[in-house]
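Chains as they are written, first to last, in this note's numbering: chain L, 19 to 188; chain P, 19 to 188. Here's the structure we're looking at; comments come further down.
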């Protein structure tokens with residue numbers, strides 16, 4: 019089992035603007051320039067927050083975006099979307115319950131990533147840094163104060179994105 | 019004239035830990051692995067805050083660290099260090115007063131970088147990302163809310179540091 023964060027962030031560390039818009043991201047370039055397809059084809063499970071799921075719904079059909087994975091949404095609301103399951107347990111508890119031999123992608127947001135980082139459960143961080151400053155927004159990293167060291171595995175460039183690939187030292 | 023930020027930051031965007039320590043940085047690797055000497059040889063002026071200067075003093079002789087540049091410290095206190103001048107004006111005002119044909123390095127910290135970013139005066143951002151999360155500390159970016167787009171020029175790797183090189187689009 020391995021837990022991945024894979025996603026875009028601004029140079030000043032935001033996942034989204036203060037109004038949750040991703041316009042800065044869409045204007046930076048095309049996701050097809052990145053290794054996304056290869057990454058996604060290796061995943062078994064996605065985890066996301068209610069807000070990330072609602073953004074997916076607003077943009078179209080969530081099941082078409084994540085067709086090959088089991089998808090869990092942390093929410094107390096009911097969902098009616100094939101392939102997506104509402105869960106209300108703690109992200110750490112869910113990850114432990116999924117058992118071994120699963121590749122789990124933390125799609126977003128920070129409220130799911132933070133407890134997994136605090137539980138030392140994040141094995142890989144794959145971050146595409148966009149050449150943009152926002153000055154305010156939804157931060158990627160909101161885990162508690164503690165020095166956590168990763169290992170830089172690779173630095174790649176996809177157009178205007180710098181991709182940084184990290185693993186948790188064992 | 020060009021204004022540069024050049025410096026290390028954690029993956030979660032901190033210049034220093036909450037207690038201002040840089041232990042996480044010293045443990046990541048050797049600065050001699052980077053292009054620092056070449057960068058510094060192109061600079062005419064450094065700008066830094068009082069806290070950065072006091073850290074330099076604590077570590078040894080500031081004049082030995084920045085021997086070839088005119089060095090300005092934003093402080094209301096008097097300084098007695100050759101090559102270092104205390105200034106109490108606004109960073110934007112100082113940068114404008116230095117005149118053309120000078121390369122200015124913003125050594126730190128965020129209280130100097132933020133007004134220069136807000137004034138659209140930062141031409142180059144050269145950031146070495148350390149493979150470390152701190153969860154709290156002194157953030158690099160504290161400028162006000164506004165979308166500011168840079169251009170990714172280069173992505174380099176120096177040991178465990180990923181260096182991202184940006185320029186301001188003209």
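Using N, Cα and C, we set each Cβ at its ideal position, and we do this for glycine too.
Checklist entry - By the 10 Å Cβ neighbour count, where 16 or more other Cβ atoms means buried, how is residue 149 of chain L classified, buried or exposed? => result By the 10 Å Cβ count, residue 149 of chain L comes out buried.
Item to check | Whole-Å CB distance - residue 134 of chain P paired with residue 113 of chain P, under 8 angstroms assumed | outcome: Yes, residue 134 of chain P and residue 113 of chain P are in contact; Cβ-Cβ is about 6 angstroms, under 8 angstroms.
Checklist entry - What are the complete alpha helix (DSSP H) segments, minimum 4 residues, inside the stretch 60 to 89 of chain L? => result Runs of alpha helix (DSSP H) with 4 or more residues, each lying fully within the stretch 60 to 89 of chain L, are found at 68 to 77, 80 to 83, listed in chain order.
Item to check | First and last residue of the uninterrupted beta strand (DSSP E) at residue 148 of chain L | outcome: In the DSSP annotation of this structure, the continuous segment of the beta strand (DSSP E) that includes residue 148 of chain L starts and ends at 142 to 148.
Item to check | residue 59 of chain L versus residue 36 of chain P: straight-line alpha-carbon distance, rounded | outcome: So the alpha carbons of these two residues sit roughly 40 angstroms apart.
Checklist entry - With a cut-off of 7 angstroms, does the C-beta of residue 146 of chain L fall near any C-beta of chain P? => result No, its Cβ sits nowhere closer than 7 angstroms to a Cβ of chain P.
Checklist entry - chain P partners of residue 165 of chain L, CB-CB under 7 angstroms? => result For residue 165 of chain L, the chain P residues whose Cβ falls inside 7 angstroms of its Cβ are 42, 150, 152, in order along the chain.
Checklist entry - Since residue 115 of chain L is in the beta strand (DSSP E), which residue starts that stretch and which ends it? => result Run containing residue 115 of chain L: none in the beta strand (DSSP E); it sits in the alpha helix (DSSP H), 109 to 115.
Checklist entry - How should residue 103 of chain P be labelled, buried or exposed, when 16 other C-beta atoms within 10 angstroms of its C-beta is the threshold for buried? => result Exposed.
Checklist entry - For chain P, is any of its Cβ atoms less than 7 angstroms away from the one on residue 186 of chain L? => result Closer than 7 angstroms: no.
Checklist entry - So, do the stretch 85 to 104 of chain P and the stretch 60 to 77 of chain P have three or more beta carbon pairs nearer to each other than 8 angstroms? => result Because the criterion of three Cβ pairs below 8 angstroms is met, the stretch 85 to 104 of chain P and the stretch 60 to 77 of chain P touch.
Checklist entry - Any Cβ of chain P within less than 7 angstroms of the Cβ of residue 68 of chain L? => result No, residue 68 of chain L does not count as interfacial toward chain P.
Item to check | Nearest to residue 145 of chain P (by Cα), restricted to the options P:57, P:138, P:38, P:162 | outcome: Considering only alpha carbons, the answer is P:57.
Item to check | Cβ-based burial, residue 80 of chain L [other Cβ within 10 Å; buried from 16] | outcome: Buried, since its Cβ has 16 or more Cβ neighbours within 10 Å.
Next on the checklist: Taking CB distances under 7 angstroms as the criterion, tell me whether residue 9 of chain L reaches chain P.
Outcome noted: Outside the shown range of chain L (19 to 188) lies residue 9 of chain L, about which nothing can therefore be said.
Next on the checklist: Just to confirm before moving on: does the CB-CB distance between residue 147 of chain P and residue 29 of chain P stay below 7 angstroms?
Outcome noted: Yes, Cβ-Cβ distance for residue 147 of chain P and residue 29 of chain P is below 7 angstroms.
Checklist entry - Got a sec: is the Cβ-Cβ distance from residue 193 of chain P to anything in chain L below 7 angstroms? => result No statement about residue 193 of chain P is possible, as the shown extent of chain P runs from 19 to 188 and does not include it.
Next on the checklist: If I follow the unbroken beta strand (DSSP E) through residue 171 of chain L, where does it start and stop?
Outcome noted: That run of the beta strand (DSSP E) goes 169 to 176.
Item to check | Secondary structure of residue 160 of chain P, DSSP reduced to three states | outcome: Assignment of residue 160 of chain P by DSSP, reduced to helix, strand and coil, places it in the coil class.
Next on the checklist: Assuming the contact rule is C-beta atoms closer than 8 angstroms, residue 152 of chain L and residue 158 of chain P should be a hit. Round their C-beta distance to whole Å, please.
Outcome noted: Contact flag wrong, Cβ pair sits at about 14 angstroms.
Item to check | Assumed close pair residue 170 of chain L, residue 178 of chain P - CB separation to whole angstroms, cut-off 8 angstroms | outcome: Contact between residue 170 of chain L and residue 178 of chain P holds, since their C-beta atoms are separated by about 5 angstroms, short of 8 angstroms.
Item to check | Nearest-angstrom beta carbon gap, residue 101 of chain L and residue 25 of chain L [assumed within contact, 8 angstroms] | outcome: Between residue 101 of chain L and residue 25 of chain L the Cβ distance is about 20 angstroms, and since that is not below 8 angstroms, they are no contact.
Next on the checklist: Can you tell me whether residue 118 of chain P is buried or exposed? The criterion is at least 16 other CB atoms within 10 Å of its CB, across all chains shown.
Outcome noted: Here residue 118 of chain P is exposed. Its C-beta has fewer than 16 other C-beta atoms within 10 Å.
Checklist entry - So which residues on chain P does residue 14 of chain L lean against when the C-beta distance must stay under 7 angstroms? => result One cannot answer for residue 14 of chain L here, as it falls past the ends of chain L, which runs 19 to 188.
Checklist entry - Where do the N-terminal and C-terminal ends of the beta strand (DSSP E) with residue 34 of chain P fall, by residue? => result DSSP places residue 34 of chain P inside the beta strand (DSSP E), whose first and last residues are 32 to 34.
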